[in-house]
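If you're matching positions, the sequence shown starts at 19 in this note's numbering and goes up one per residue.
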Amino acid sequence: MLRTIVLVLQILVALALIASVLLQSGRSAGVSGAIAGGAESIFGKKKGLDEFLAKISAGLAAAFMLFTLLLSMV
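Below you can see the structure in the form of structure tokens.
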């Protein structure tokens, strides 16, 4: 019973992690993207959806590892 619950939660977290990674914009946006990205990081305007998705991805990755460890113990 517990194994099934953990397995379902792990699958849901894995799907959410895949979606959050795919929604992020690529880091290689060409020369113009590199120049604009550098200017944004200098002036501190690198906030928004990409930063939010990066935090969500980190949290989901931690949850995925936790569920994987739980699943291996059960």
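Positions of the beta carbon are idealized from the N, C-alpha and C atoms, including for glycine. Computed from a predicted structure; not experimentally measured.
From LEU89, VAL92, ALA81, LEU40, pick the residue whose C-alpha is nearest to that of LEU67; which is it?
For the purposes of this step, residue 67 is identified with residue 49 of the sequence shown, where counting begins at 1. For the residues LEU89, VAL92, ALA81, LEU40, the minimum Cα distance to LEU67 belongs to LEU40.
Decide if PHE85 is buried, meaning its Cβ has at least 16 other Cβ atoms within 10 Å, or exposed.
For the purposes of this step, residue 85 is taken as the residue at position 67 of the sequence shown. The residue is buried, with at least 16 neighbouring Cβ atoms inside 10 Å.
The alpha helix (DSSP H) spanning ARG45 covers which residue range?
As a position in the sequence shown, residue 45 is number 27, starting the count at 1. Unbroken run through ARG45: none, as it is neither H nor E.
From the DSSP output, in three-state form, read off GLY77 for me.
One-based indexing of the sequence shown puts residue 77 at position 59. Reduced to three states, the DSSP call for GLY77 is helix.
Work out the CA separation of LEU78 and VAL31 for me, nearest whole Å.
Counting from 1 along the sequence shown, the entry for residue 31 is found at position 13. Counting from 1 along the sequence shown, the entry for residue 78 is found at position 60. Cα-Cα distance, rounded: 6 Å.
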